[in-house]
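Engineer: 1 is the number of the first residue of the sequence shown in UniProt numbering; add one for each residue after it.
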Amino acid sequence: MIERSQEFNLGRDKTRIKDRRDADRQEATVDELLSRFFHSDLDQRWEVQIVADEVGMGKTFVALATAYSVVRAMHGGHPCDDLRGCYNKIVIVTPNNSALFAKWQREVGEFVKRCVPEAHRTEAARLFAPARADKIDDLVAELRKRGKSRRIIVTTMGAFYGKRFRHYDIKRRLVLGCLFGYWGNRFNYAARDRLLHGAPDGWPISHRDLLDFTDEEQALLPFAESDVLNAVRKIDLYIDSNVEKLLTVCQDIATPYARRRGQDFRSNVIPRLDTIYTESLQYLLGSDLPMVIVDEAHNWKNGPSQGSNGYRGFMDLIGSRTRRALLLTATPFQLRPKEMLEILKIGESLQTSPQKMRSKERQERLRYHREEVIKPVLDGATTASRRFTRAWSKLPVSATTAALDVAWRSPSLVEARDQLNALAAEHGAACADRLREIVDRATGVLDPATRPLLQAALELFVHNSDLSHELGRLVIRHRRNTEHRLVRVGSEFQRGPDQVIDRPDRHVLHAAPGFDVRGEGELPHYLLMRCVSEMKGGKGKSSLGSALTGCYSTLNESSEGKAIRQRLTDGSNGRIYLDLLKQMVNEQSDERHPKVAHVVDAAVRNWRRGEKSLIFCFRTNTARRLHDIIGRRIQQDLDERKARCMGGANAFEKFASRLTRRTQNLVTLGLDRVLWSLMWNRRCDALANRRIEPADLELRDDEWPLVAQLALQYDVDLLGKEIDRVFLNRACEHVIARRLVAELKPRGLLKQILDSLRDCDWVSHPYGCGSHDEDEGAEGDAARFDERGVHHVYHFQGEPDRREIERVAGELRQRRQLQRDRHQQSVLDSYRQSPSLWLGDDASRTWETWSQNRQTVPGRTIAWMHEHLLELTLEHGETDWGSRLLVMQAIRRAVLRESVLVRLLPERSERDEADWGTLLVNAFFRPLPSQHESMADRIEVFLEDLKAASGSLADPQSARHALFDATRLKGQKFVALVAGSTDPHTRERVFSGFNTPLLPEVLVCTSVGQEGIDLHRHCRHVVHFDLAWNPAVLEQRTGRTDRIGSKTFRERHRGNGSVNSFLDIGVPFLAGTYDERMYEELRLRAQVFEVLTGGDLTADAPEGNDDQPHAEGTSCGVHFVPLPDAMVNDMRVTLHVWSDEPGNGPEEKFAEHFI
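(1) Out of 161, 1024, 788 and 532, point me to the one whose CA is closest to residue 560's CA.
(2) Would you kindly work out how many angstroms separate the C-alpha atoms of residue 587 and residue 991, rounded to a whole number?
(3) Considering only residues of the same chain and omitting the five flanking positions on each side of residue 37, which have a CB-CB separation below 6 Å?
(4) What is the DSSP secondary structure of residue 515, reduced to helix, strand or coil?
(5) How long is the line joining the alpha carbons of residue 542 and residue 1073, rounded to whole angstroms?
(6) Look at the Cβ atom of residue 662, then the Cβ atom of residue 789, and state whether they are nearer than 8 Å.
(7) Return the Cβ separation of residue 93 and residue 155 in integer angstroms, given the expectation that the two are a contact with Cβ distance under 8 Å.
(8) Taking its Cβ as the centre, do 16 or more other Cβ atoms sit within 10 Å of residue 210, making it buried, or is it exposed?
(9) Answer yes or no: do residue 872 and residue 943 have a C-beta to C-beta separation smaller than 8 Å?
(10) Within the same chain, show all residues whose beta-carbon is closer than 6 Å to that of residue 322, passing over the 5 residues directly before and after it, in chain order.
(11) Using alpha carbons as the reference points, say which of 469, 988, 394 and 330 lies closest to residue 453.
(12) Below 7 Å CB to CB, which residues in the same chain sit around residue 462 once its five sequence neighbours on both sides are set aside?
(13) Measuring alpha carbon to alpha carbon, tell me which of 141, 1048 and 150 ends up nearest residue 1168.
(14) Compare the Cα-Cα distances from residue 410 to each of 458, 1052, 627 and 388 and report the closest residue.
(15) So, are the CB atoms of residue 270 and residue 172 less than 8 Å apart?
(16) Where does residue 115 land, buried or exposed, given buried means 16+ other C-beta within 10 angstroms?
(17) Within 10 Å of its beta-carbon, does residue 799 have 16 or more other beta-carbons around it, so buried, or fewer, so exposed?
(18) Residue 291 by DSSP, collapsed to three states: which one?
(19) Using the three-state DSSP reduction, which class does residue 875 fall into: helix, strand or coil?
(20) So residue 1160 packs on residue 1066, CB below 8 Å; how close in whole Å?
(21) Could you work out which residue in 554, 175, 286 and 191 is closest to residue 252 when comparing CA atoms only?
(22) Run the CB neighbour count on residue 374, radius 10 Å, all protein chains shown included, and call it buried at 16 or more, exposed below.
(23) Helix, strand or coil, according to DSSP, for residue 1159 in the structure here?
(24) Where does residue 326 sit, in a helix, a strand or coil, going by DSSP?
(25) So which of 941, 732 and 250 has the shortest CA-CA distance to residue 1156?
(26) DSSP three-state label for residue 1067, please.
(27) By alpha-carbon positions, which one of 797, 853, 680 and 856 ends up nearest to residue 866?
(28) What does a CB cutoff of less than 7 Å around residue 715 pick up in its chain, not counting 5 residues either side in sequence?
(29) Let me confirm a value: residue 552 is counted as buried when at least 16 other C-beta atoms fall within 10 Å, else exposed. Which label applies?
(30) Measure from the alpha carbon of residue 1122 to the alpha carbon of each residue in 733, 512, 636 and 630, then state which is nearest.
(31) Which residue's Cα is closest to the Cα of residue 508: 483, 522 and 307?
(32) Taking 7 Å as the cut-off, does the CB of residue 757 come closer than this to any heavy atom belonging to the ligand GDP?
(33) Would you list, in sequence order, the uninterrupted beta strand (DSSP E) runs of no fewer than 3 residues that lie entirely inside the region 48-134?
(34) What residues in its chain sit with their C-beta under 8 Å from that of residue 881, if we drop five residues either side in the sequence?
(35) Helix, strand or coil: which one does DSSP assign to residue 1133?
(36) My guess is that residue 475 and residue 52 are in contact by the Cβ rule of under 8 Å, so how many angstroms apart are they, rounded?
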């Protein structure tokens, strides 16, 4: 049996894992998967597994940890016997989604970087490296590579669609040349040349030159001529092969004096060459695969029956040569029984063993378990679900949730459930007669009004328990603990979280009144109702409609609004109502819409606090109007804040120039002080005779001649009225570094860094590595820190006169002393004393305080920042100053943009203008309103993310570059809109930017899609503006921010486990409208989301993918009494393998199955 490798630790990455239980769950899942895949007892071995954890719970790393364990065991020569003769390579198949395809390639490197200790990382990076193969022949070529080739190959479902290759002509020439050799005299030289006269332009006209490839062309061919020729021979072994068919076609085209030779070649030869090339790939594979991982496997829900989404091509090429299949999805499969059974068919095509007879036996076992065990149990659960839904809908209005709860907890029903649990644990479907006997005996004395429902509930309980038992052999699903959620519903959205926090059901959708729309807000709904009534001729029910529940102007774009305008003619009574309605439903009135007003207020309020907001809509017009209104409100708030802080926009611009110009005092706020950064990092302490102390970082009197010499060499006037503080910062570092090298006798990394600083290039160029003018021409909320000033290049002007050096040095020395005597801070002491965003308002004092107590704030944050910075400065053990330059540029861009500065600045009445630097630095380290995190903490988190990301800033394919690239968005505003029409590249960059401390700060989406989107690192406020009938859509959307390593859990962690930090989920709706009806049905569906396998309340699309047509779902149109939570929890299908609650796992619920 293969066990989990001890070379990785899923809890090692503290960036993601703030709660060790997340790592425990992931590792338990890996252990269970490996046990089921490779158990020594064949009765406990299952060759196909589905991991269906809810979104954001780390399925990717679970899959990679499983793959790593298999690859490591095979590399070590100790694999399971079933893997004998396999390639030591694993294929990962992603949906045909470019973002997810790229993400999986990055995640392989992320797994190694985050989870493998340094002692094993070099070997792990070599062994567990990803290869990209988005074409089917590239996949085969990667699998055939020998030696130290990459062991993880990432491909897409689209690669298996058909004949999609690169460099078609070269590969067609290769196939035709091999066919010429195989056909021999049956197709002579003259015929070959006549055939080639019809070939496309650029092809050789002589058969002798057909395989005469240039070196560049040869490099594009994935296979050798001999390999393709052998594959052709194998293809021709079959009766009616394409090889013989093509020979006949070629003979006809090559007939002397044949007409239309070129057209026939294109239409008849080329397609068959492509077909033969595709067929040859099956024979070019020499071995089977140990395991294939399929992400978002629900995309193959119709694959086995229809061959859709590349399934048929996958099975033809590698599916039937695969020993184990690991399928990943967030979809709760029991909600779509037929689709789940379809996907499980994958196991019946696997080559599960090197022995064909044993493989057939295992395939038959999987088929039997699917058809004869799971299917009957699913059918029983589906029937029970429908019976339960009917009984529930007939429950009298007089029945209450409390009464149902009392009955469900009664001794007779508790005893019945214990007996039913034992019945469910027996293999196969539960015995119907025994089930009926237990249920009738337990419910005979109950209230006749509720008895049918409770009988149906017990039947559903046993069927779902039975389903948990049988499906649990092949499916693992963990549900997220939602206690960290605060759901504000309806009118609760108007109130603060503190007024909802005490509700015991605050973490789920619950009953609450909607926004009161009586008065002015009610009139548009009344007029719409009258219009609809007139349109229907007064017949039928008049719906208030959903078109007005978003914003008023959306009615004009809706199908309902267009139908009313077409049907109500001039002069009719309905036209009067319509004319009145048109005066009220326009863009000018949108801001007065009750829901719009409250959501906009909440988004602006969050923005003021430095919090990001994520708002979901279904209707594009509503999303666009929210985007425009919120953007306008924030800009207005920004302008008002400027006026309160500075007296207006012009005054703010003057202040901003003090941050940008090299000669202004505030420019030092954002400068990198590398020597201070080294001192804060303990890594270098042991690399010298003693550690660096604050006193070492002050220029001594005898060092002024060196500073003066540098200033004269580069023609910088340090005695003028305005001193170039960027130059002074570099010169100080250069001179002090020279002294430290002499005094400390540094070694290793410390010496390498100090040697860089004492090189003259450090003074003339930023970090000694050249200028960098990337921010030129930036638009939108531009960074107020002009990188062209920070990265200024100073040109050498020649060696100065010695006497001039002494004169300047003496003057500098005197000026500093004079200011010290007057107890003034000298600009010449700014390297040590001036406030810094990265070191605190007083670097020395902050250091001394932290040295005495390592838990002090801001010292702890500063220490972490500089630990991350040093890691980002290193590349393979060598200093990479170019990367540090880019990183510092990114964090300056994050902090010193206008919208952040305005929120950090105090009111005019609260500040002393002479001490702007201290005020800004203190605000930077002060916790933001209603948060435990400061802006400094956010920068530290961003640096931590960059450090933890695999790859380098120079590699466009790496995770680190993708994260950094999001900071370089130009033209971005505070509010971004992502709709279905947004192009994929823009969408990906906006999402990435939202997941950093930078722009956008409010994201309005009409569709996100289910796959590969993370928006959790800096957002904990989600608003579901437009409701859906389908709770899966809300859960998938919420899951974009509710993931391992989210801001919510960071806030709780920084608050020492404080339960006052929540993921704030807003579900606003209007009382007495279509909105309210929609919410009530949504709430009931959410309650039984993973309980029912059929019936009216079953979700329309359980995968919750919001970028599909009609994602909102449809209404069931039936009224239900809410169920007690205890009943719902007991009836839920249980498929988890780990729980932090004793007695709550399937290993205890069905102990005999897991022994």
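Beta carbons are placed, not taken as given, at the ideal position from N, Cα and C, and that holds for glycine.
None of the values given here were measured: they were computed from a predicted structure.
Structural biologist: Walking through what the data contain:
(1) Taking only the C-alpha atoms, the option nearest residue 560 is 532.
(2) Cα-Cα distance, rounded: 28 Å.
(3) Contacts found: 324.
(4) Residue 515 falls in the strand class under three-state DSSP.
(5) Model confidence at residue 542 stands at a pLDDT of 49, short of 50, so the residue's coordinates are unreliable; what they give is reported in the following sentence. A direct Cα-Cα distance of roughly 12 Å separates residue 542 from residue 1073.
(6) Yes, the Cβ-Cβ distance between residue 662 and residue 789 is below 8 Å.
(7) Yes, residue 93 and residue 155 are in contact; Cβ-Cβ is about 6 Å, under 8 Å.
(8) It is buried - the Cβ of residue 210 has at least 16 other Cβ atoms within 10 Å.
(9) Yes, they are a contact pair.
(10) Closer than 6 Å at the Cβ level, and outside the excluded window around residue 322, lie 289, 292 and 350.
(11) Checking every option, the nearest Cα to that of residue 453 belongs to 394.
(12) Residues of the same chain with a CB within less than 7 Å of the CB of residue 462, apart from the 5 flanking positions on each side, are 420, 423, 424, 430 and 435 in chain order.
(13) Residue 1168 cannot be examined here, being either before or after the span of the chain that is shown, 1 to 1155.
(14) The closest CA to that of residue 410, considering only 458, 1052, 627 and 388, is found on 458.
(15) The beta carbons of residue 270 and residue 172 sit closer together than 8 Å.
(16) Per the 10 Å Cβ criterion, buried.
(17) In this structure residue 799 is exposed. Its beta-carbon is surrounded by fewer than 16 other beta-carbon atoms within 10 angstroms.
(18) Under the three-state reduction of DSSP, residue 291 is assigned to strand.
(19) It is a strand residue.
(20) Any property of residue 1160 remains undetermined from this structure, which presents the chain solely from 1 to 1155.
(21) Distances from the alpha-carbon of residue 252 to those of 554, 175, 286 and 191 put 191 closest.
(22) So residue 374 counts as buried.
(23) An answer regarding residue 1159 cannot be provided, because it is not within the stretch 1 to 1155 covered by the chain.
(24) Residue 326 sits in a strand when the DSSP states are folded into three classes.
(25) Coverage of the chain is limited to positions 1 through 1155, which leaves residue 1156 absent and any answer about it impossible.
(26) In the structure shown, residue 1067 sits in a strand (DSSP, three-state: E or B).
(27) Proximity to residue 866 across 797, 853, 680 and 856 peaks at 680, based on C-alpha coordinates.
(28) Take residue 715, set aside five residues on each side of it, and the residues of its chain with a beta-carbon closer than 7 Å to its own are 797, in chain order.
(29) The residue in question, residue 552, is buried, as its Cβ has 16 or more Cβ neighbours within 10 Å.
(30) Measuring from the Cα of residue 1122, the nearest candidate turns out to be 512.
(31) Nearest Cα to residue 508 within the set 483, 522 and 307: 483.
(32) For the ligand GDP, the structure offers nothing, since it holds no ligand at all.
(33) Fully contained in the region 48-134 are the following beta strand (DSSP E) runs of length 3 or more, in chain order: 48-51, 90-94 and 130-132.
(34) 756, 767, 768, 769 and 873.
(35) Residue 1133 falls in the coil class under three-state DSSP.
(36) At roughly 6 Å, the Cβ-Cβ gap stays under 8 Å, so residue 475 and residue 52 are in contact.
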